Amino acid sequence: MSGLLIEGCRKLRGEVTVQGAKNSTLPILAATILTEDENVIHNCPFLSDIDVAVRILRYLGCSATRHGHTLLVNTEGMNDFRVPDSLMREMRSSIIFLGAILARCHKAQLTFPGGCELGPRPIDLHLDALRKLGAQIEEHHGEIVCCAPEGLTGTSIALAFPSVGATENIMIAATLAKGTTTITNAAREPEIVDLADYLNKCGASIEGAGEGTVVIEGVKKLSGASHNVIPDRIVAATLMSAAAVTGSDIVLNDVIPAHLRGVIPVFEEAGCKVQVKEGRMTFSSPARLRPLKLIRTTPYPGFPTDAQAPLMALSTKARGITVFVETIFENRYKHIGEFLRMGANIKTDGRVAVVEGVPKLYGAKVSAQDLRGSAALVVAGLSAEGTTEIDTTKYLERGYEDLDVVLSTLEGSVKKI
Ligand code: UD1
0 MSGLLIEGCR
10 KLRGEVTVQG
20 AKNSTLPILA
30 ATILTEDENV
40 IHNCPFLSDI
50 DVAVRILRYL
60 GCSATRHGHT
70 LLVNTEGMND
80 FRVPDSLMRE
90 MRSSIIFLGA
100 ILARCHKAQL
110 TFPGGCELGP
120 RPIDLHLDAL
130 RKLGAQIEEH
140 HGEIVCCAPE
150 GLTGTSIALA
160 FPSVGATENI
170 MIAATLAKGT
180 TTITNAAREP
190 EIVDLADYLN
200 KCGASIEGAG
210 EGTVVIEGVK
220 KLSGASHNVI
230 PDRIVAATLM
240 SAAAVTGSDI
250 VLNDVIPAHL
260 RGVIPVFEEA
270 GCKVQVKEGR
280 MTFSSPARLR
290 PLKLIRTTPY
300 PGFPTDAQAP
310 LMALSTKARG
320 ITVFVETIFE
330 NRYKHIGEFL
340 RMGANIKTDG
350 RVAVVEGVPK
360 LYGAKVSAQD
370 LRGSAALVVA
380 GLSAEGTTEI
390 DTTKYLERGY
400 EDLDVVLSTL
410 EGSVKKI
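Numbering that gives the first Met the number 0 applies: residue 0 is where the sequence shown begins, and numbers increase by one.
Rendered as structure tokens:
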């Protein structure tokens, strides 16, 4: 297993391209199941979570081959409706296969998904919605057995919370259902829009993706399509954090500024300058950041929970106090203990963290415990005096393609060990 060695206090400079979005690629790969056809998905990042999705597709009898960042997925030969526990446990998004398998096979057998431990991550909204669409679902001993012998039927579904995964699962399942499905209080994340764009290219009829109400007219059949996955807004926010914390100026290519509207104002508040023209972001930062004041994670278009940890890394060195309130996940402050080892000044009380900026962080041996927390340790390490050793890249590799190489291209000193 590899770790990372970071020599801090170096300015970054140069230009890199932001990878494709993991959180778009995963539901799109699951949705290819509906098409029974050949699909060409471009801009798929090299990530361990994407590998898990490919392994699930192959287990189900589909073919999936990589040509660089393009995945050719042919789901015609699918011959199974079960996903084994060993694959389900590898990531939470494996649950996204439930709606797809059920819609295509009229039955599905999965187990409860795994993934980063961010507190309890129930799937009640997914299961309740599929029941409303007509599925009979039994849960016992961690197994989920679903069937809908006559297929699914469209209905109105009001989500108690705008869950990203539940919205995606419903959209996928309802695409082949009889009649109309209306989701209210749907998640509005850009990845939902990307999934709808892909499905509509395949022949689905989905309107309102990206808004609170999504209407899906069921269709009988889809055909395969070619699709280009959107750039990863969380990776962009992480690279912006890395530049900001080191007082650097960098250029990021393949950025959609609208997708970053929850985070760009926060960087601007800290004194950074952000300009985006035709997908090219010019990012420059002051020698010392101003505090970010209050960061409250909320569903899109608010400040994303996935950007909380990387932004907290830069707040540790800002002038003054930043308050974080994590409203989406319960247990998303595991990076704080590691920041403290590096000399940060942070107090927590439940979902609130109060960060008082310090002039310096110091390199230390730190332990990565989840995906975004790992990225945050990299950001902190880049700004720390001396060497930071991160014990494992296994979480980082779930969501960041070759972050060490990307940062080295930007003249940072980040090495895999
Ligand atoms: C997705 C993203 C993840 C991001 C999260 C929130 C993917 C692959 N992952 O995760 O990176 O951090 O959105 O933006 O897209 N909940 C329930 N019951 C459910 C479903 C969710 O209570 O049935 C709760 C969760 O426990 C959590 C909150 O709702 O507290 C948000 O979860 P959700 O939006 O579903 O996140 P994911 O789709 O898992």
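Note that the Cβ used here is the ideal one computed from N, Cα and C, for glycine as well. Quantities reported herein were computed from a predicted structural model and do not represent experimental measurements.
Review point. Taking 6 angstroms as the line, does the beta carbon of Phe282 fall inside it for any heavy atom of the ligand UD1?
Key: Taking the sequence shown and counting its residues from 1, one reaches residue 282 at position 283. Every heavy atom of the ligand UD1 is 6 angstroms or more from the Cβ of Phe282, so no.
Review point. In this structure, does DSSP put Tyr361 in helix, strand or coil?
Key: Counted from its first residue, the sequence shown places residue 361 at position 362. Here Tyr361 sits in strand by DSSP.
Practice item. Could you name the residues of the same chain whose beta carbon sits closer than 7 angstroms to that of Lys415, not counting the 5 residues immediately before and after it, in chain order? Key: Position 416 of the sequence shown, counting from 1, holds the residue named residue 415. Contacts found: Ser1, Leu3, Thr392 and Asp403.
Practice item. Decide if the region 233-241 is in contact with the region 48-57; the criterion is three or more beta carbon pairs, one per stretch, under 8 angstroms apart. Key: no
**Study point:** Cutoff 6 angstroms; reference His41; Cβ partners in own chain excluding five residues on either side
**Key:** On the sequence shown, position 42 is the one that residue 41 refers to. So the list reads Thr69 and Asn227, once near-sequence residues are dropped.
**Study point:** Backbone CA spacing between Val262 and Ser93 [nearest angstrom]
**Key:** Stepping through the sequence shown from its first residue, residue 262 is reached at position 263. Stepping through the sequence shown from its first residue, residue 93 is reached at position 94. Their backbone Cα atoms lie some 28 angstroms apart in a straight line.
**Study point:** Local Cβ density within 10 Å of Leu163, reported as buried at 16 or more and exposed below that
**Key:** Here residue 163 refers to the residue found at position 164 of the sequence shown. What sits at residue 163 in the sequence shown is Val, not Leu. Buried.
**Study point:** Residue from Glu210, Lys346 and Leu101 whose Cα sits closest to the Cα of Tyr299
**Key:** For this step, residue 299 is matched to residue 300 along the sequence shown. Measuring from the Cα of Tyr299, the nearest candidate turns out to be Glu210.
Exercise for review: Helix, strand or coil for Lys415, going by three-state DSSP, please let me know.
Suggested key: Numbered from 1 along the sequence shown, position 416 holds the residue referred to as residue 415. If DSSP states are grouped into helix, strand and coil, Lys415 belongs with the strands.
Practice item. Using only alpha-carbon positions, find the residue among Pro264, Phe282 and Gly278 that is nearest to Lys272. Key: Here residue 272 is taken as the residue at index 273 of the sequence shown, counted from 1. Nearest C-alpha to Lys272: Phe282.
Review point. Buried or exposed: which applies to Lys220, given that a residue is buried once 16 or more other Cβ atoms fall within 10 Å of its Cβ?
Key: Working through the sequence shown from its first residue, we reach residue 220 at position 221. By the neighbour-count rule (16 or more Cβ atoms within 10 Å), Lys220 is not buried but exposed.
**Study point:** Contact between the region 125-135 and the region 200-207 (3+ Cβ pairs under 8 angstroms)
**Key:** no
Review point. So, are the CB atoms of Val244 and Leu313 less than 7 angstroms apart?
Key: For the purposes of this step, residue 244 is identified with residue 245 of the sequence shown, where counting begins at 1. For the purposes of this step, residue 313 is identified with residue 314 of the sequence shown, where counting begins at 1. In contact: Val244 and Leu313 (Cβ atoms closer than 7 angstroms).
Check your understanding: Does the beta carbon of His68 fall short of 6 angstroms from some heavy atom of the ligand UD1?
Key -> Counting from one through the sequence shown, the residue named residue 68 turns up at place 69. No, since every heavy atom of the ligand UD1 falls outside the 6 angstroms radius drawn around the Cβ of His68.
**Study point:** Any non-hydrogen atom of the ligand UD1 closer than 6 angstroms to Asn344 Cβ
**Key:** Taking the sequence shown and counting its residues from 1, one reaches residue 344 at position 345. No, since every heavy atom of the ligand UD1 falls outside the 6 angstroms radius drawn around the Cβ of Asn344.
Exercise for review: State the Cα-Cα distance for the pair Glu190 and Glu137, rounded to the nearest angstrom.
Suggested key: Residue numbering aside, residue 190 sits at position 191 when the sequence shown is read from its first letter. Residue numbering aside, residue 137 sits at position 138 when the sequence shown is read from its first letter. In a straight line, the C-alpha of Glu190 is about 29 angstroms away from that of Glu137.
Review point. Comparing alpha-carbon positions, which option in Gly270, Leu28 and Lys106 lies nearest Tyr197?
Key: Along the sequence shown, read from residue 1 onward, the residue named residue 197 stands at position 198. Cα-wise, what sits closest to Tyr197 is Leu28.
Check your understanding: How would you call Ser225, buried or exposed, if buried means at least 16 neighbouring beta carbons within 10 angstroms?
Key -> Against the sequence shown, residue 225 aligns to sequence position 226. Looking at its Cβ environment, which holds fewer than 16 other Cβ atoms inside 10 Å, Ser225 is exposed.
Point to revise | Cβ-based neighbour list, Asn78, same chain, cut-off 7 angstroms, excluding 5 preceding and 5 following | key: Counting from 1 along the sequence shown, the entry for residue 78 is found at position 79. Hits under 7 angstroms: Gly60.
Exercise for review: Spatial neighbours of Arg318 within its chain, please: CB distance less than 8 angstroms, with the 5 preceding and 5 following residues excluded, ordered by chain position.
Suggested key: The residue labelled residue 318 in the question sits at position 319 within the sequence shown. Taken in chain order, the residues that qualify are Arg287, Leu288, Arg289, Pro290 and Gly356.
Point to revise | Three-state secondary structure assigned by DSSP to Gln307 | key: On the sequence shown, residue 307 is found 308 positions in, with the first residue counted as 1. Looking at Gln307 - three-state DSSP - the assignment turns out to be helix.
Practice item. Just list the alpha helix (DSSP H) runs in the region 122-180, keeping only unbroken ones of 4 residues or longer that don't cross its boundaries, in chain order. Key: 123-131 and 163-174
Practice item. Sort out for me which residues DSSP pairs Ala352 with in a bridge. Key: Against the sequence shown, residue 352 aligns to sequence position 353. Phe323 and Thr347.
Point to revise | Per-residue DSSP class, three states only, for Arg279 | key: As a first step, residue 279 is located in the sequence shown; it is residue number 280 there, counting from the start. Looking at Arg279 - three-state DSSP - the assignment turns out to be strand.
Review point. When burial is assigned at 16 or more other CB atoms within 10 Å of the CB, is Ala257 buried or exposed?
Key: Walking along the sequence shown from the start, residue 257 turns up at place 258. Answer is exposed; the Cβ neighbour count stays below 16.
Point to revise | Straight-line gap, Glu277 to Gln18 (C-alpha atoms, nearest Å) | key: Numbered from 1 along the sequence shown, position 278 holds the residue referred to as residue 277. Numbered from 1 along the sequence shown, position 19 holds the residue referred to as residue 18. Cα to Cα, the separation comes out at about 17 angstroms.
Point to revise | Contact set for Gly141: own chain, Cβ-Cβ below 6 angstroms, skip 5 residues either direction | key: Sequence index remark: in the sequence shown, residue 141 carries index 142 (1-based). Thr110 and Phe111, listed in sequence order.
Exercise for review: Tell me whether Pro230 sits in a helix, a strand or coil according to DSSP, three-state version.
Suggested key: If you number the sequence shown from 1, residue 230 lands on position 231. Strand.
Check your understanding: What do you reckon, are the CB atoms on Leu395 and Ser373 nearer than 7 angstroms?
Key -> For this step, residue 395 is matched to residue 396 along the sequence shown. For this step, residue 373 is matched to residue 374 along the sequence shown. Their beta carbons are under 7 angstroms apart, which means Leu395 touches Ser373 by this criterion.
Point to revise | DSSP three-state assignment for Leu251, whether helix, strand or coil | key: Locating residue 251 in the sequence shown gives position 252, counting from the first residue. Strand.
Point to revise | Beta-carbon contacts of Glu75 that lie in its chain and below 7 angstroms, excluding the five residues immediately before and after | key: Locating residue 75 in the sequence shown gives position 76, where the first residue counts as 1. Closer than 7 angstroms at the Cβ level, and outside the excluded window around Glu75, lie Glu35 and Asp36.
Review point. How about Asp26 and Ile95: are their beta carbons less than 7 angstroms apart?
Key: Sequence index remark: in the sequence shown, residue 26 carries index 27 (1-based). Sequence index remark: in the sequence shown, residue 95 carries index 96 (1-based). At residue 26 the sequence reads Pro, which differs from the Asp that was named. Yes, these two residues count as a Cβ contact at 7 angstroms.
Check your understanding: Which value, in whole angstroms, describes the spacing of the CA atoms of Asn22 and Leu56?
Key -> Reading the sequence shown from its first residue, position 23 is the one you call residue 22. Reading the sequence shown from its first residue, position 57 is the one you call residue 56. Taking the straight line joining both Cα atoms gives about 17 angstroms.
**Study point:** Distance between Arg397 and Pro230 (C-alpha atoms, nearest Å)
**Key:** By one-based count along the sequence shown, residue 230 stands at place 231. By one-based count along the sequence shown, residue 397 stands at place 398. Pro230 and Arg397: Cα-Cα distance of roughly 16 angstroms.
Exercise for review: Helix, strand or coil for Lys200, going by three-state DSSP, please let me know.
Suggested key: As a position in the sequence shown, residue 200 is number 201, starting the count at 1. Lys200: helix per DSSP, three-state reduction.
Check your understanding: Would DSSP call Val39 helix, strand or coil?
Key -> The residue given as residue 39 occupies position 40 in the sequence shown. Of the three classes helix, strand and coil, the one that applies to Val39 here is strand, per DSSP.
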